[in-house]
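Trainee: One structure follows; several queries about it will come next.
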Amino acid sequence: MAEKTEASVDMKSHDETYKGFIHLTTLTVAFCISVMIMLAVGNAGAWGLAGFGVFLAIVGAIVGFIMNGSPIPIAVFTLGVLVLKLLIG
């Protein structure tokens, strides 16, 4: 039989693990969406810009990981590449 432990000890560890999982999942979803958008940009004829966008998505994922799982850098870089695509044509 398992021994009883204090719920507060287990809950704190569980909350930290859950928050880390949610942050990593958020970053992964944002990165996948960004790569899909870059594939669409590349399919429109700008493969160089799409490759640059994937590189920026990787950099954004690293910065987002440092910022405790924030997907904002990935979104900013992706929108920046889309603006470049609109300006370049």
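In our numbering, the protein residues as written are 88 to 176.
Note that the Cβ used here is the ideal one computed from N, Cα and C, for glycine as well.
(1) Which residues mark the beginning and the end of the alpha helix (DSSP H) in which Gly162 is found?
(2) If you compare alpha carbons, which of Phe139, Ala133 and His101 is closest to Phe164?
(3) For Gly132, name the three-state secondary structure that DSSP assigns.
(4) Work out the CA separation of Gly156 and Ile109 for me, nearest whole Å.
(5) Going by alpha carbons, who is nearest to Leu136 out of Ala162, Pro158, Pro160 and Gly167?
(6) What does the alpha-carbon distance come out to for the pair Asn130 and Phe118?
Mentor: If we stick to the structure as given:
(1) One detail in the question is off: residue 162 reads as Ala in this sequence, not Gly. DSSP places Ala162 in the uninterrupted alpha helix (DSSP H) bounded by Ile159 to Ile175.
(2) Selected option, being the one with the closest Cα: Phe139.
(3) The answer is coil: DSSP assigns Gly132 none of H, G, I, E or B.
(4) The C-alpha of Ile109 lies about 8 Å from the C-alpha of Gly156.
(5) Ranking the options by Cα distance to Leu136, first place goes to Gly167.
(6) Looking at the two C-alpha atoms, the distance is approximately 18 Å.
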